[in-house]
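Note that our numbering gives residue 370 to position 267 of the sequence shown, counting from 1, and the numbers run on in steps of one.
Contents: one structure, followed by commentary.
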Amino acid sequence: MKKRLIILYVFLFGIVFACNDDVLEKTNPNGVTVEGYYKNGAELNSGVTSVYSMLKSNNLVAREWFFLHDLRSDDVAAGGGQLETPRNQLLLGTHDAVNSVLGTVWLAYYRLIHRANAVVDNSEKVTDISAAEKGRLLGEARFLRAYSYYELVSMWGGVPLYKNYVLTVDGSLPRAPAEEVYAYIISELQAIQADLPATYDAANQGRATKGAAQMLLARVFMQKGDYASAKTELLKVYNSNVYALVDNYNDNFLEETEFNKESIFEVNFFPSGGVYNWDGDGNGATAGTETVRTQEYSAIGWRNVIPSNSLLSEFEKTSKGDAKTDPRYDDSFYFTGEKYNKGANTLTDGQQNGNASVVDGVTQKVSWQKYSLMYKMNESFLTGGINQRIMRFAETILALAEVENELGNTAEAVKYLNMTRARKSVSMPPYPTAKFPVSNKDQVFAAIVHEKRVEHSGEQIRNRDIVRWRKLAKQKAEPLAYFQANKHELLPIPQQEVDNNAKIEPGDQNPGY
């Protein structure tokens with residue numbers, strides 16, 4: 104049976120404001136306020152699970168989050184005219200401050216931060232649980248808050264930095280410098296590592312672990328170009344004896360093989376009979392039980408985005424299924440004529456909505472296979488329960504390759520680089536190869552860029568890599584055709600934030616918008 108972290112979704116957070124009108128001062132006796140909550144450990148735990156429910160909501164990981172990351176990378180292309188205008192704007196770089204996708208993700212992360220702040224600030228009232236249990240629960244809330252700030256600062260630059268639960272309408276904050284936001288994230292992730300366990304039992308899988316905090320901290324240091332500090336955190340994960348590469352690459356994207364040894368942090372979904380919760384905050388009896396990913400990307404589905412031609416060309420291959428072709432190519436995409444639904448059906452051109460791709464000069468229809476239910480179902484115009492893997496051990500290994508290369512240890516970098524290729528189901532020739540020599544730092548970096556792209560295609564990794572490598576002047580060429588310097592490095596601050604936050608003026612907007 105699938106192992107699940109049971110999300111309770113018990114309440115919405117609200118802010119109660121004082122008014123002069125006696126009628127408005129009355130409290131709804133049937134309502135729940137933050138001030139009246141957190142009386143015991145059970146309520147503290149429910150508060151933490153409500154933060155997780157926000158992360159897995161429609162406005163974040165269940166839908167808008169993967170679109171925002173993938174559409175700002177060169178991993179995807181439009182599946183056809185069915186790709187909605189706000190999403191197509193992000194793909195083409197024509198988005199502005201009123202783009203609904205980026206505005207939704209911004210707001211959702213701040214709602215998550217608001218919930219986490221309420222948990223942390225009110226935890227002192229809870230005295231019926233051990234210090235260790237309270238520390239662990241607060242560590243989870245602080246991890247989710249730090250993760251949200253990492254997402255915000257890496258995509259928008261400086262952002263308002265709320266460290267406490269906002270109590271009044273005057274509590275809005277201006278943009279904090281990016282370095283201040285990064286410093287806060289680092290201090291939080293360093294502080295909580297001692298409070299988070301290395302693993303959980305089956306009933307609590309999906310909660311943040313020590314390894315997740317360490318891996319996130321490594322991501323932060325890498326984004327800043329602090330490779331020595333990143334290496335320290337990565338080695339903690341690598342040497343923990345908790346994680347390992349699984350033999351079958353595809354096991355990282357199937358429902359039956361969730362929470363495997365490779366998983367460092369994943370967001371929990373589970374089948375609920377096609378009941379998708381469209382509530383943006385993840386509230387309700389069916390809160391966030393399913394994700395819409397399989398419907399949006401599958402060959403038989405909306406097929407809103409397809410793998411880009413440049414991504415398809417990145418794989419080492421001769422032809423589909425050939426022994427010299429990287430098996431990750433076969434595992435990541437569906438091609439016309441391929442079997443699906445446990446081999447019971449054959450995919451046709453007509454079943455695949457929209458555009459074709461050009462692969463090595465041949466025009467053909469190619470669709471995403473990762474996170475698609477088609478491996479066991481006849482169609483995917485459905486929502487589903489496949490967990491979204493946010494961090495996995497393969498990323499740790501390839502990050503170690505990158506930091507070792509940047510620190511001048513090219514031989515050590517190549518050692519790590521070859522580990523993902525040596526996975527039993529992949530078994531690709533080790534570096535150096537004819538296409539990727541590894542005799543110097545630049546050559547090793549080119550191999551790292553290649554290996555990361557084919558290993559993590561469509562996993563919301565590539566966008567962050569492009570942003571980091573561009574900022575640190577590591578790229579030899581700009582991957583995004585539309586890119587304009589002094590504009591597309593960052594997303595625009597959503598116009599709704601500029602309009603509603605008294606501490607942010609139009610002049611505070613990011614360059615180019």
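In this text, a Cβ means the ideal position worked out from N, Cα and C, and glycines have one as well.
If you measure between the beta carbons of residue 321 and residue 246, is that distance less than 9 angstroms? Contact flag unset, no.
*When the Cα of residue 447 is compared with those of 472, 480, 464 and 140, which residue comes out closest?*
Closest option to residue 447, Cα to Cα, is 480.
Notebook entry, point to check: For residue 566, is the classification buried or exposed, using 16 other Cβ atoms within 10 angstroms of its Cβ as the cut-off for buried?
Noted result: In summary, residue 566 is buried, with 16 or more beta-carbon neighbours lying within 10 Å of its beta-carbon over all protein chains present.
* Asked: CA-CA distance, residue 453 and residue 405?
  -> Rounded to the nearest whole angstrom, the C-alpha separation of residue 453 and residue 405 is 13 angstroms.
Helix, strand or coil at residue 272 [DSSP, three-state]:
When secondary structure is reduced to three states using DSSP, residue 272 falls in the coil class, being assigned neither helix nor strand.
Going by DSSP in three states, residue 235 sits in which element: helix, strand or coil?
In the structure shown, residue 235 sits in a helix (DSSP, three-state: H, G or I).
If we count the other Cβ atoms within 10 Å of its Cβ and call it buried at 16 or more, is residue 600 buried or exposed? With a threshold of 16 other beta carbon atoms within 10 Å, residue 600 meets it and is buried.
Which of the three DSSP states is assigned to residue 405 in this structure? Coil, per DSSP.
| task | Answer yes if the stretch 416-432 comes into contact with the stretch 179-188, meaning at least three C-beta pairs across the two stretches below 8 angstroms, and no otherwise. | result | Fewer than three beta-carbon pairs drawn from the stretch 179-188 and the stretch 416-432 are found closer than 8 angstroms, and the two stretches are therefore not classed as touching.
Could you pull the DSSP bridge partners for residue 469 from this structure?
Bridge partners of residue 469: 438.
Report yes or no: do the stretch 340-349 and the stretch 303-310 share at least 3 C-beta pairs separated by less than 8 angstroms?
-> The stretch 340-349 is not in contact with the stretch 303-310.
TODO: Run the CB neighbour count on residue 124, radius 10 Å, all protein chains shown included, and call it buried at 16 or more, exposed below.
DONE: Confidence is the limiting factor: at residue 124 the pLDDT is only 37, short of 50, which leaves the residue's position unreliable, though a coordinate-based value still follows. Result: exposed.
Sort 221, 291, 275 and 270 by Cα distance to residue 252 and report the nearest one. Comparing alpha carbon positions, the residue from 221, 291, 275 and 270 closest to residue 252 is 291.
Query raised in the report: residue 542 and residue 352: beta carbons closer than 9 angstroms?
Result: Against a cut-off of 9 angstroms, the Cβ pair of residue 352 and residue 542 comes out as no contact.
Report task. Run the CB neighbour count on residue 242, radius 10 Å, all protein chains shown included, and call it buried at 16 or more, exposed below. Result -> It is buried - the Cβ of residue 242 has at least 16 other Cβ atoms within 10 Å.
Simplified DSSP assignment, three categories, for residue 562
Correct three-state label for residue 562: coil.
| Quick check: the stretch 508-527 against the stretch 546-560, are there 3 or more CB pairs under 8 angstroms? | Using a C-beta cut-off of 8 angstroms, the stretch 508-527 makes contact with the stretch 546-560, since at least three inter-stretch Cβ pairs fall below that distance.
| Span of the alpha helix (DSSP H) holding residue 524? | Residues 513-524.
message: Taking its Cβ as the centre, do 16 or more other Cβ atoms sit within 10 Å of residue 476, making it buried, or is it exposed?
response: So residue 476 counts as buried.
inquiry  = Please determine whether the Cβ atom of residue 207 lies at a distance below 8 angstroms from any heavy atom of the ligand HEM.
reply    = What this structure holds is no ligand at all, so the ligand HEM is not there to describe.
Nearest CA to the CA of residue 176: which residue from 402, 612 and 573? Per the C-alpha coordinates, the member of 402, 612 and 573 positioned closest to residue 176 is 573.
- Query: Between the Cα of residue 234 and the Cα atoms of 505, 547 and 143, which residue gives the shortest distance?
  - Reply: Of 505, 547 and 143, the residue nearest in Cα terms is 143.
So for residue 556, helix, strand or coil by DSSP?
Helix at residue 556.
Problem set entry | Element boundaries [alpha helix (DSSP H), containing residue 455] | Per DSSP, residue 455 belongs to no alpha helix (DSSP H) and is neither H nor E.
ask   = Which residue comes first and which comes last in the alpha helix (DSSP H) that contains residue 216?
value = Note, residue 216: alpha helix (DSSP H), 203-225.
| said: Which residue marks the beginning of the alpha helix (DSSP H) containing residue 190, and which one marks its end? | reply: Note, residue 190: alpha helix (DSSP H), 188-195.
(Q) Alpha carbons only, please: which of 329, 238, 326 and 343 is nearest the one belonging to residue 297? (A) Closest in alpha carbon position to residue 297, among 329, 238, 326 and 343, is 238.
Environment of residue 273 [buried if 16+ CB atoms lie within 10 Å]
Answer is exposed; the Cβ neighbour count stays below 16.
Round the Cβ separation of residue 393 and residue 374 to the nearest angstrom and send it over; I've been treating them as touching at under 8 angstroms.
In this structure residue 393 is in contact with residue 374, their Cβ atoms being roughly 7 angstroms apart against a cut-off of 8 angstroms.
- Query: For residue 487, which of 136, 396 and 289 has the nearest alpha-carbon?
  - Reply: It is 396.
Handout entry: Proximity below 9 angstroms, CB of residue 492 to CB of residue 369
Key = By the CB criterion at 9 angstroms, residue 492 and residue 369 fall inside the cutoff.
Exercise for review: Work out the CA separation of residue 366 and residue 460 for me, nearest whole Å.
Suggested key: Whole-angstrom Cα-Cα distance: 31 angstroms.
Using 8 angstroms for Cβ pairs, my map puts residue 267 next to residue 225. What's the rounded Cβ distance? Rounded, the Cβ-Cβ distance is 11 angstroms, inconsistent with contact.
Self-check item: Unbroken alpha helix (DSSP H) run spanning residue 325, endpoints
Solution: It spans 313-327 - the alpha helix (DSSP H) in which residue 325 sits, taken as one unbroken run.
Q) If we count Cβ pairs, one from each stretch, closer than 8 angstroms, do we get three or more for the stretch 429-445 versus the stretch 574-590? A) Fewer than three Cβ pairs drawn from the stretch 429-445 and the stretch 574-590 lie within less than 8 angstroms of each other, which leaves the two stretches out of contact.
Spatial neighbours of residue 398 within its chain, please: C-beta separation below 8 angstroms, excluding the five flanking residues on both sides. Hits under 8 angstroms: 404, 405, 483, 484, 485, 486 and 487.
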